[in-house]
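Undergrad: Position 418 (the sequence shown) corresponds to 1043 in our numbering; numbering is contiguous.
Here it is: the structure, laid out below.
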Amino acid sequence: MKTPRVTLVNPPATYAQQIPQKCFPPMGLLYLAASLESAGAQVDVMDANAAGLSHDACAKRVEAFAPDLVGMPIYAETAESCARCLATIRNRCPHIPIVAGGPQATVSPSWVFREIPSVDFVLAGEAERSIVSLARAIVDDALRCTTIPGLWTRSSTTCLPVENINKLDSLPLPARHRLEDLYARHRYYALLVADRHIDCLITSRGCPHQCKFCSNATNRIRYRGIDACLDELERLRSRGVRTVEILDDNFTASEARAFELLDRIRLQRFGLALRIKSRADAVTEKLMAACRRAGVYQVSLGAESGSASLLKAMNKRITPAQIRRAVRLILDEGMACHTSWIVGYPGETRQTIAQTADLIIELKPTTAGVSILIPYPGTDVYEQAKRQGTLEGDWSASSSEVPWIRLPWTNGREDLVAAKRALMRRVYFRPHYVAEFGKRIVREANVTLARYAVQELKRSLTIGISSFACKAWR
């Protein structure tokens, strides 16, 4: 019986010339690799993003490994890079089948086939089991699409339903050894973590909430066992990891479980610095104290807007008052607080943007990330914009332009970009943040943060000048 050989590719960055805020290991691919290895397959995991590989370099590596199957996750915002990379692989290795997975493939397999001609198969949903079946079927020349849940071909009109994996502890641990070289070269990092001995942990999948802009609104969450999480943390510590990013969409979704896991981490004395995500309405004084005692040094909140009406429209189910309380409780415990905010949601006005800026300035979170709304296919806000005729652009893999939603006061997406940059300048050019980031750069000798600060300063000033020129021309 032939042993399957599979190459899994994390595609090159769409904007490789820019310094991103973070670069984490592709945990989804590492879980797939672990499942394939457990089934006896030989696997090559190529993180072209972290390694800085070109499309041609990716294709050459695929050719050298000579796999029976190439797999790549497809995200709507990186579809252009994925399409070009897979086209280069197909040109060099025309007979190797290619399978696409990930969020975009799950939401719309037909879109993937239409936009990325190099793709032969799509695996929808969680693919740890189905990719093993597909690889085995290919090498045995016994492919029967109807026998593999979630598998689509170009001629498919339907597929067997795929169920989420409920028993997460049944999955083998991520195959981190497949990226040992990148770990050794410290290619993974978070901007505010000067020490690059960093890795990630997943303790749950899914989110019980239904935010209208979220592509992961599953209304259900599945948990790993506490002992399994502790075992993986111990393995990370033995690898020399010092900082762990817990990737759960909502680590505090179950308060009782969060307390139990945090207490067990404290008792085991891992000595790890942890970063978690929470909702503002889940933040309590007692829970934040437990976080600090367990080694959590940063809590991230999806705040989204300073406008109560917009938060309601998003179905966020939090209020500005809850955001205020959450940020203050986190900071009072001596932990860092990262907040994320959205500009451009339907109903957004210059006044609501000002409300968001006012709230950030008032609360002074450690960091505030602002992004323009991305209407992901399948989300409520995407469908709403399509119905109302306000969706601009499409998710074409031949275009580098990200779709956006037209508002009454916008003439083009550049108006949203200018509004976002104006908000960022108003927040980050204040003495508080200038001083704090300056001290952090010097104290931690954080060269990456310094380079990022220069990059964003140049970009902000450039866009500010361009915006002024456009307004003057009008």
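All residues carry an ideal CB built from backbone N, CA and C; glycine is no exception.
Extract the residue ranges of the alpha helix (DSSP H) inside the segment 841–925, only unbroken runs of 4 or more that lie entirely within it.
TA: For the segment 841–925, whole alpha helix (DSSP H) runs of length 4 or above, ordered along the chain, are 851–863, 880–893, 910–919.
Undergrad: Let me confirm a value: L633 is counted as buried when at least 16 other C-beta atoms fall within 10 Å, else exposed. Which label applies?
TA: Result: buried.
Undergrad: Closest to A682 by CA distance: which of A809, N716, A725 is it?
TA: For A682, the nearest C-alpha among the options comes from N716.
Undergrad: Going straight from the alpha carbon of T783 to that of T772, what length do you get?
TA: Roughly 12 Å separates the two Cα atoms.
Undergrad: So, helix, strand or coil for M671, using DSSP?
TA: Three-state result, M671: strand.
Undergrad: With the cut-off set at 8 Å, would you say S755 and P734 are in Cβ contact?
TA: Result no, Cβ atoms of S755 and P734 do not sit closer than 8 Å.
Undergrad: Assuming contact is defined by CB atoms lying nearer than 8 Å, are V924 and I948 in contact in what I supplied?
TA: Contact: no.
Undergrad: Can you name the residues that DSSP bridges to R630?
TA: DSSP lists Q667 as partners of R630.
Undergrad: Report the option in F884, K911, A673, P719 whose CA atom is closest to the CA atom of P698.
TA: Ranking F884, K911, A673, P719 by Cα distance to P698 puts A673 first.
Undergrad: As a quick exercise: from M960, Y1001, R953, D856, pick the residue whose alpha carbon is nearest that of L984.
TA: Checking every option, the nearest Cα to that of L984 belongs to R953.
Undergrad: Please report the distance separating the alpha-carbon of R904 from that of E880.
TA: Rounded to whole angstroms, R904 to E880 spans 11 Å at the Cα level.
Undergrad: Taking only three categories from DSSP, how would you classify C648?
TA: Strand.
Undergrad: Nearest to K685 by CA position, among T909, L657, P719, is which residue?
TA: The residue with the shortest Cα to Cα distance from K685 is P719.
Undergrad: In angstroms with no decimal places, state the Cα-to-Cα distance between V908 and M960.
TA: When rounded, the distance between both Cα atoms is 13 Å.
Undergrad: Can D874 and N841 be called in contact, C-beta distance under 8 Å?
TA: Result yes, Cβ atoms of D874 and N841 sit closer than 8 Å.
Undergrad: Which of the three DSSP states, helix, strand or coil, is assigned to C710?
TA: C710 falls in the helix class under three-state DSSP.
Undergrad: Check for me: the alpha helix (DSSP H) holding D957 runs from which residue to which?
TA: 945–957 is the extent of the alpha helix (DSSP H) around D957.
Undergrad: Where do the ends of the alpha helix (DSSP H) carrying I985 lie?
TA: Where I985 is concerned, the enclosing alpha helix (DSSP H) stretches over 975–988.
Undergrad: Just tell me which of P1033, I723, T828, E958 has its CA closest to the CA of Q1013.
TA: For the residues P1033, I723, T828, E958, the minimum Cα distance to Q1013 belongs to P1033.
Undergrad: With a cut-off of 8 Å, do at least 3 Cβ pairs link the segment 849–863 to the segment 821–828?
TA: Yes, the segment 849–863 touches the segment 821–828.
Undergrad: Leaving out the 5 sequence neighbours to the left and right, which residues in its chain are closer than 8 Å to F746 when beta-carbon positions are compared?
TA: Correct list, in chain order: P722, I723, V724, A725, L759, L776, W777, T778.
Undergrad: So, under 8 Å CB-CB, D820 and R867 are touching, yes? Tell me the CB distance rounded to an integer number of Å.
TA: The pair is a contact, with the Cβ atoms about 6 Å apart (cut-off 8 Å).
Undergrad: Quick one: grab the DSSP three-state call for L654.
TA: Three-state result, L654: helix.
Undergrad: Between the alpha carbons of F895 and E859, how many angstroms are there, rounded?
TA: Each residue's alpha carbon lies about 7 Å from the other.
Undergrad: Run the CB neighbour count on K1083, radius 10 Å, all protein chains shown included, and call it buried at 16 or more, exposed below.
TA: Exposed.
Undergrad: Could you tell me the alpha carbon to alpha carbon distance between M939 and Q1009, rounded to whole angstroms?
TA: Distance between the alpha carbons of M939 and Q1009: 12 Å.
Undergrad: Let's test the definition: count the other Cβ atoms within 10 Å of the Cβ of S679 and tell me whether it reaches 16, buried, or not, exposed.
TA: So S679 ends up on the exposed side.
Undergrad: Buried or exposed, going by whether 16 or more other CB atoms sit within 10 Å of the CB of S932?
TA: So S932 counts as buried.
Undergrad: Pull up the CB-CB distance for L912 and C962, whole angstroms please, since I reckon it's below 8 Å.
TA: At roughly 14 Å, the Cβ-Cβ gap does not stay under 8 Å, so L912 and C962 are not in contact.
Undergrad: Going by the DSSP bridge assignment, what does G927 pair with across the sheet?
TA: DSSP output for G927 lists S965 as bridge partner(s).
Undergrad: Helix, strand or coil, according to DSSP, for V818 in the structure here?
TA: Looking at V818 - three-state DSSP - the assignment turns out to be coil, as it is neither helix nor strand.
Undergrad: Taking just the CA atoms, how far does Q976 sit from H822?
TA: Approximately 42 Å, taken between the alpha carbons.
Undergrad: Would DSSP call G726 helix, strand or coil?
TA: It is a strand residue.
Undergrad: So the candidates are Y808, L892, V1027; which of them puts its Cα closest to the Cα of R864?
TA: Taking only the C-alpha atoms, the option nearest R864 is Y808.
Undergrad: With distances taken from CA atoms, which of S930, V757, I967 is nearest A664?
TA: Of the candidates S930, V757, I967, the one whose C-alpha sits nearest the C-alpha of A664 is V757.
Undergrad: Which term fits W1098, buried or exposed, when burial requires 16 or more other beta carbons within 10 angstroms of its beta carbon?
TA: Reliability fails at W1098, whose pLDDT of 30 lies under 50, so the model's placement of it is uncertain and the value that follows must be treated cautiously. Looking at its Cβ environment, which holds fewer than 16 other Cβ atoms inside 10 Å, W1098 is exposed.
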